[in-house]
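Undergrad: In case it helps, my numbering puts the sequence shown at residues 4 to 181.
Yeah, the Cβ is synthetic: ideal placement off N, Cα and C, and Gly gets one too.
Take a look at the following structure, please.
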Amino acid sequence: MENINQLLSTLPTEAKDLRINAKKVLEGESLNQAQTWGVALASAYYIRDEALITALNADANAAGLSAETIEDARAAASLMGMNTIYYRFRHLMRSENYNQRPANLRMMRMKQVATTETDFELFSIGPAALAGCEMCLRAHEAAVIKGGLTHDNVHDAVRISSVLNGVVVALATLIARD
Numbered sequence: 004m005e006n007i008n009q010l011l012s013t014l015p016t017e018a019k020d021l022r023i024n025a026k027k028v029l030e031g032e033s034l035n036q037a038q039t040w041g042v043a044l045a046s047a048y049y050i051r052d053e054a055l056i057t058a059l060n061a062d063a064n065a066a067g068l069s070a071e072t073i074e075d076a077r078a079a080a081s082l083m084g085m086n087t088i089y090y091r092f093r094h095l096m097r098s099e100n101y102n103q104r105p106a107n108l109r110m111m112r113m114k115q116v117a118t119t120e121t122d123f124e125l126f127s128i129g130p131a132a133l134a135g136c137e138m139c140l141r142a143h144e145a146a147v148i149k150g151g152l153t154h155d156n157v158h159d160a161v162r163i164s165s166v167l168n169g170v171v172v173a174l175a176t177l178i179a180r181d
């Protein structure tokens with residue numbers, strides 16, 4: 004984790020908790036290495052911070068992460084960029100008029116995964132949490148649990164995405180420093 008550690012070393016002293024939390028969640032707790040990196044990458048792509056993406060990509064490659072996992076993380080982030088807006092709209096409107104309409108949005112990549120459907124669903128949880136999309140979170144959590152993962156796995160995925168978001172906010176505070 005040389006690159007992510009280097010990025011974390013640039014955080015201001017006020018963000019010490021984030022530096023420690025990032026190292027902890029990226030070491031993996033209930034998730035295996037591919038799941039941890041997949042969630043982290045999907046979250047970073049969704050957050051769209053170039054420095055974070057660059058560091059995570061470099062370290063994921065150095066750790067031997069498969070091209071398939073990286074591909075699925077990219078696909079999950081991209082699709083969630085669309086789905087979190089659409090399904091959050093439906094949830095917030097609370098209108099049967101909208102809920103009964105077909106989405107008519109192509110999402111075939113969710114079923115044509117490079118890794119496993121369960122891991123793809125897990126990678127989608129990070130972006131769903133970042134967007135605050137309740138419908139997305141519930142749907143992806145149900146799929147992950149049905150696929151044999153646990154609530155600890157879901158919890159760890161959300162912890163990864165939340166910590167990475169905090170890291171990006173802390174990095175942004177450096178811009179405003181004198």
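Spatial neighbours of Tyr89 within its chain, please: CB distance less than 8 Å, with the 5 preceding and 5 following residues excluded, ordered by chain position.
TA: By 1-based counting over the sequence shown, the position of residue 89 is 86. Result list for Tyr89: Ala106, Leu108, in chain order.
Undergrad: What did DSSP end up calling Met110 once you bin it into helix, strand or coil?
TA: In the sequence shown, counting from the first residue as 1, residue 110 sits at position 107. Met110 falls in the coil class under three-state DSSP.
Undergrad: Less than 8 Å between the C-beta atoms of Gly129 and Ser33, yes or no?
TA: In the sequence shown, counting from the first residue as 1, residue 129 sits at position 126. In the sequence shown, counting from the first residue as 1, residue 33 sits at position 30. Taking 8 Å as the Cβ cut-off, Gly129 and Ser33 do not qualify as a contacting pair.
Undergrad: What residue range is occupied by the uninterrupted alpha helix (DSSP H) comprising Thr83?
TA: Stepping through the sequence shown from its first residue, residue 83 is reached at position 80. First, the residue type needs correcting, since residue 83 is Met and not Thr in the sequence shown. Here the alpha helix (DSSP H) through Met83 covers 70-96.
Undergrad: If distances are taken between C-alpha atoms only, which option among Ile178, Val166, Ala173, Ala175 comes closest to Ala25?
TA: Within the sequence shown, residue 25 is the residue found at index 22, counting from 1. The shortest Cα separation from Ala25 among Ile178, Val166, Ala173, Ala175 belongs to Val166.
Undergrad: Using DSSP with H/G/I as helix, E/B as strand and the rest coil, what is Ser33?
TA: Along the sequence shown, one-based indexing puts residue 33 at 30. When DSSP states are grouped into helix, strand and coil, Ser33 belongs to the coil group.
Undergrad: DSSP on Asp52, reduced to helix/strand/coil?
TA: Position 49 of the sequence shown holds residue 52. Asp52 falls in the coil class under three-state DSSP.
Undergrad: Give the secondary structure of Met138 by DSSP, where H, G and I count as helix, E and B as strand, and everything else as coil.
TA: Indexing the sequence shown from 1 puts residue 138 at position 135. If DSSP states are grouped into helix, strand and coil, Met138 belongs with the helices.
Undergrad: Count the other CB atoms within 10 Å of the CB of Thr39; is the residue buried (16 or more) or exposed (fewer)?
TA: Locating residue 39 in the sequence shown gives position 36, counting from the first residue. That one is buried.
Undergrad: Quick check: the Cα distance between Ile80 and Asp122, rounded to an integer number of angstroms?
TA: Within the sequence shown, the letter at position 77 stands for residue 80. Within the sequence shown, the letter at position 119 stands for residue 122. The question names Ile, but residue 80 in the sequence shown is Ala. Answer to the nearest angstrom: the Cα atoms are 13 Å apart.
Undergrad: So Gln36 and Ala66 are supposed to be a Cβ contact under 8 Å. How far apart are they, rounded?
TA: For the purposes of this step, residue 36 is identified with residue 33 of the sequence shown, where counting begins at 1. For the purposes of this step, residue 66 is identified with residue 63 of the sequence shown, where counting begins at 1. Contact holds; Cβ gap of about 7 Å.
Undergrad: By the 10 Å Cβ neighbour count, where 16 or more other Cβ atoms means buried, how is His154 classified, buried or exposed?
TA: For the purposes of this step, residue 154 is identified with residue 151 of the sequence shown, where counting begins at 1. It is exposed - the Cβ of His154 has fewer than 16 other Cβ atoms within 10 Å.
Undergrad: Taking the straight line between their C-alpha atoms, what separation do you get for Asn8 and Asn102?
TA: One-based indexing of the sequence shown puts residue 8 at position 5. One-based indexing of the sequence shown puts residue 102 at position 99. Roughly 44 Å between the two C-alpha positions.
Undergrad: Using the Cβ count rule (16 or more neighbours within 10 Å means buried), how would you classify Asn156?
TA: Locating residue 156 in the sequence shown gives position 153, counting from the first residue. The residue is buried, with at least 16 neighbouring Cβ atoms inside 10 Å.
Undergrad: Identify whether Thr13 lies in helix, strand or coil by the three-state DSSP scheme.
TA: The count along the sequence shown starts at 1 and reaches residue 13 at position 10. Thr13 falls in the coil class under three-state DSSP.
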